[in-house]
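For reference, the structure discussed in these notes is given below.
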Amino acid sequence: MPPGDPTLQDATDTELIARWQRGDERAATSLVERHATAVGRYVSSLGLRAGVEDVVQDAFVRAFGSLESFRGESAFRTWLFTIARRLVADLRRSRKRGREDTEVQEGDAATEFDALDDVIAGESQRRMQQALTRLTPTQREVFVLRVNDGMSYKEIADVVGTTEGAARVHYHNALRQMKETLNV
Amino acid sequence: MSDCANVEMRERLPELLHGTLPDALRRDTEAHVASCADCAAELELLREVRQMLDARPAPRIDTAAIVGALPRPSARPIASAPSRRSMVPSMVWRMAATVTLLALGSLSLPGVRRIFGAGTPADSLVVDTSVTPQVAVIPETTGAVTPTPAGTAVRLASLTAGGGVTDLADEDLEALIGALDRLEATPGAEPEANPMARIITTGTGDS
Ligand SMILES: [Zn+2]
Chain E
51 MPPGDPTLQD ATDTELIARW QRGDERAATS LVERHATAVG RYVSSLGLRA GVEDVVQDAF
111 VRAFGSLESF RGESAFRTWL FTIARRLVAD LRRSRKRGRE DTEVQEGDAA TEFDALDDVI
171 AGESQRRMQQ ALTRLTPTQR EVFVLRVNDG MSYKEIADVV GTTEGAARVH YHNALRQMKE
231 TLNV
Chain X
424 MSDCANVEMR ERLPELLHGT LPDALRRDTE AHVASCADCA AELELLREVR QMLDARPAPR
484 IDTAAIVGAL PRPSARPIAS APSRRSMVPS MVWRMAATVT LLALGSLSLP GVRRIFGAGT
544 PADSLVVDTS VTPQVAVIPE TTGAVTPTPA GTAVRLASLT AGGGVTDLAD EDLEALIGAL
604 DRLEATPGAE PEANPMARII TTGTGDS
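Residue numbers (the working numbering), protein chains in the order written: chain E, 51 to 234; chain X, 424 to 630.
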C-alpha cells in the first residue's frame, strides 16, 4: 500500500476485504498492517514464546484463504484471534505429543505475564501485573480481551469458545479479584 | 473500591475506555462517571491495566512476509457464495457416527451403498471441513474420524437417539461414501469378524 493512501487507510475492514476479493492486493497489505501486531500480542499473551510470528502468519493465510465465508458478523480481528487461538492449541498438541494438552494451560498462560517484570518500570504497573497473574487463565484471557482489546462479550465468547454469559461472569470475577488483590 | 450498583454503566466502561460507545451513550456514561466515585475508580483501574499491557514489547512481526504468503484474491463471486456452514458440523458428526456404526459391525459399507447409492468423487468432504472458517467453526488442521473404544458407546447411543444415518442428505452421503473409499486398511479390533472395521479404523494420514 502506498504510504498515505487515504482510500485504503480510512476503509473499514469489510471494505478492504471486498476490495481484496475484487483483486486489489494492496487491501491485503492494509489489513495485515492493521491487525498483525494485535494478533501477535494476543498470541504472546497465551504464553507462546517461540513461533509467534509463524502463528500470526498462518492465521492470516488461513483467514484470507477462506474469506468468502467471512460474513462480517464479527470483527475481522476477532476472527483472526479465533483462528490464532486454535493454531496455538494445535501447536501445543504437536509439541507435547503424548501429553494431555488440548487447551491453553495454566502455566503457559502465566508465563508471558511473569516475564513482564523485566520491562515494567513503575511500581504501580508491577503490582498490576502481579494481580493479573493471580487470575485464572480463563479469567485473565477474558479480562485482557475486554480491557486491552476492547472486545464485546460476544466477540470474546467467539474467540475463547464459550458463551456471552460465561464471558461476562469471567470478566466480573476477574475485576473483583483484581480489586481485592490491589486493595482498591 | 466498592462496585457501583448501576451494572449497566459498569458494563460500558471498557467501551468508554476504548472510545467505541455511540455518542449518546458516551455522553450518558461520562456524566455518570463524573458523579460516581466507584465507576471513576473502576475506569481508572481499567485504564492502568491497559497501559500496563501496552507496555509489553510487541512481538516482531514481518508484515511484508505475511502479505507475501497470502493466497491471491479469489475470482469466485462473493455475495452469491452458498453457505454450507450450518451443514458442515452436522455432516462431520454424522460421518463420525456412521463410521462408529461400521466399526461396531452394526452397519456394513455395502449396506450403506445399498441404502444411499454408489460412491462419488472423494474429496468434497475433506475440502469443506478443512477450509471453512468462521468464528464458531474455524478451520480445522486435523481430521479426526477414527473412533476410539471409549467413545463408541456414547456416539452409538447418540446416533440411535438422533435417527441414525437414514436421514443423511444425498450430498452428505456422497461425501461419506467418498471418504470411506479413501481410507486404507489397518488392523481393527475385530478384523476377521468384521472386515469393514479394517477399512474404517484406518488413520487418515494425519500424524
Ligand atoms: Zn457508577
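Glycine included, each C-beta is placed from N, C-alpha and C at the ideal position.
Check the Cβ of residue i against every Cβ in chain X and list those closer than 9 Å, keeping chain order.
i, result
"E/R196", "P437 and L469"
"E/G90", "A481, P482, R483 and I484"
"E/V210", "Under the 9 Å cutoff, chain X gives no residues; its nearest Cβ is about 11 Å from E/V210."
Identify the contact partners of residue i in chain X, using a Cβ-Cβ distance below 7 Å as the criterion.
i, result
"E/R190", "Chain X residues near E/R190: none, gap ~11 Å exceeds 7 Å."
"E/A86", "I484, T486 and I489"
According to DSSP, is residue i helix, strand or coil?
i, result
"E/N198", "coil"
"E/E173", "helix"
"X/N429", "coil"
"X/R517", "Residue placement at X/R517 is poorly supported in this model, since its pLDDT is 48, which falls under 50; the coordinates still yield a value, given next. Here X/R517 sits in helix by DSSP."
"X/C484", "Note on identity: in this sequence residue 484 of chain X is Ile, with Cys being the wrong assignment. Here X/I484 sits in coil by DSSP."
"X/D461", "helix"
"E/L98", "coil"
"E/R190", "helix"
"X/T443", "coil"
"X/R470", "helix"
"E/R121", "coil"
"X/M424", "coil"
"E/L185", "coil"
"X/P496", "coil"
"X/M510", "With a pLDDT of 38 at X/M510, under the threshold of 50, the predicted position of this residue should be treated as unreliable, though the coordinate-derived value follows. Helix at X/M510."
"E/L58", "helix"
"X/L530", "Since pLDDT at X/L530 reaches only 48, below the 50 mark, its modelled position is unreliable, and the value read off the structure follows with that caveat. Of the three classes helix, strand and coil, the one that applies to X/L530 here is coil, per DSSP."
List the residues of chain E that residue i touches, going by C-beta distances under 7 Å, in chain order.
i, result
"X/A488", "Q107"
Interface residues of chain E around residue i at Cβ under 8 Å?
i, result
"X/M432", "None at all; the shortest Cβ gap to chain E is about 14 Å."
"X/A492", "Q107, F110 and V111"
Considering residue i, what are the terminal residues of the alpha helix (DSSP H) in which it resides?
i, result
"E/V111", "V102 to G115"
"E/I67", "D63 to Q71"
"E/R76", "R76 to S95"
"E/F126", "F126 to R145"
"E/N223", "E214 to L232"
"X/A478", "That residue, X/A478, is in no alpha helix (DSSP H); it is neither H nor E in DSSP."
"E/E205", "Y203 to V210"
"X/R449", "D446 to S458"
Against residue i, what residues of chain X qualify as contacts under a CB-to-CB distance less than 8 Å, listed in chain order?
i, result
"E/G200", "P437, E438, L440, H441 and T443"
"E/V138", "Per Cβ cutoff of 8 Å: no residues; E/V138 is ~11 Å from chain X at best."
Q: Determine which residues of the region 459–474 of chain X have a Cβ less than 8 Å from any Cβ of chain E, and write them out in chain order.
A: A464, E465, L468, L469, E471, V472, R473 and Q474
Q: Could you run through the region 101–117 of chain E and flag, in chain order, every residue whose CB is less than 8 Å away from some CB of chain X?
A: V102, E103, V106, Q107, F110, V111, R112, A113, F114, G115, S116 and L117
Q: Taking a Cβ distance cut-off of 9 Å, strictly less, list which residues of the region 441–456 of chain X are near chain E, in chain order.
A: H441, G442 and T443
Q) For ligand 1, which residues count as neighbours when the test is a C-beta closer than 6 Å to any heavy atom? A) X/C427, X/N429, X/M432, X/H455, X/C459, X/D461 and X/C462
Q: Check distances from the C-beta atoms of the region 51–84 of chain E to those of chain X and list, in chain order, the residues that come in under 8 Å.
A: A68, W70, Q71, R72, G73, D74, E75, A78, T79, V82 and E83
Q. In chain order, what residues of the region 219–231 of chain E put their CB closer than 9 Å to some CB of chain X?
A. Y221, H222, L225, R226, M228 and K229
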